[in-house]
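Numbering (our numbering), first residue to last: 2 to 116. First comes the structure, then the notes that go with it.
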């Protein structure tokens with residue numbers, strides 16, 4: 002269980018069409034984070050963006066596109082985040098991966114056992 006204090010924020014940039022086997026890569030990341038007992042993960046969907054390839058993801062304006070940018074954010078203690086990073090798939094499905102220090106001021110919510 003995470004307690005208030007110093008932690009790391011891991012951000013993994015990808016897109017909706019990135020796959021891990023037969024499922025979306027962002028889903029595989031979140032499921033793996035939960036399976037290994039990380040404190041929490043959130044998937045953020047962007048409207049538009051580009052990365053190292055300079056390929057634009059998303060549509061102009063507010064039109065929805067089938068390949069929007071996606072960011073997975075995971076916060077936990079360094080001792081738990083570093084092994085998770087080491088286990089990331091190698092390949093084109095991952096875009097930018099960043100890590101930054103954060104201070105957790107509150108961590109709570111309802112815990113539901115993993116089924």
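Glycine is no exception: its CB is placed at the ideal position from the N, C-alpha and C atoms.
(message) Going by beta-carbon coordinates alone, are residue 69 and residue 17 separated by less than 8 Å?
(response) With respect to the 8 Å criterion, residue 69 and residue 17 are classified as neighbours on the basis of their beta carbons.
(message) I'd like the span of the alpha helix (DSSP H) that includes residue 33, first residue to last.
(response) Start and end: 26-36.
(request) Alpha carbon to alpha carbon, how far is residue 83 from residue 100? Give it in angstroms, no decimals. (result) Their backbone Cα atoms lie some 10 Å apart in a straight line.
(message) With distance defined between alpha-carbon atoms, name the residue in 88, 105 and 22 nearest to residue 36.
(response) The alpha carbon of residue 36 has as its nearest neighbour, out of 88, 105 and 22, the alpha carbon of 88.
(message) Give me, in chain order, the residues of the same chain whose beta-carbon lies closer than 6 Å to that of residue 78; leave out the 5 immediate sequence neighbours on both sides.
(response) Hits under 6 Å: 8.
(request) Since I believe residue 81 is in contact with residue 39 (beta carbons under 8 Å), could you give me their beta-carbon distance rounded to a whole number of angstroms? (result) About 6 Å separates the beta carbons of residue 39 and residue 81, which is inside the 8 Å limit, making them a contact pair.
(request) Can you tell me which of the three DSSP states residue 79 falls into? (result) Note: residue 79 maps to helix in three-state DSSP.
(request) Note down the Cα distance separating residue 26 from residue 42, rounded to an integer number of angstroms. (result) Cα atoms of residue 26 and residue 42: separation of roughly 14 Å, rounded to the nearest angstrom.
(message) Under DSSP, the beta strand (DSSP E) around residue 17 begins and ends at which residues?
(response) Premise fails: residue 17 is in no beta strand (DSSP E) and is neither H nor E.
(request) Could you tell me the distance, in whole angstroms, from the CA atom of residue 73 to the CA atom of residue 33? (result) In this structure, the straight-line span from the alpha carbon of residue 73 to that of residue 33 is close to 12 Å.
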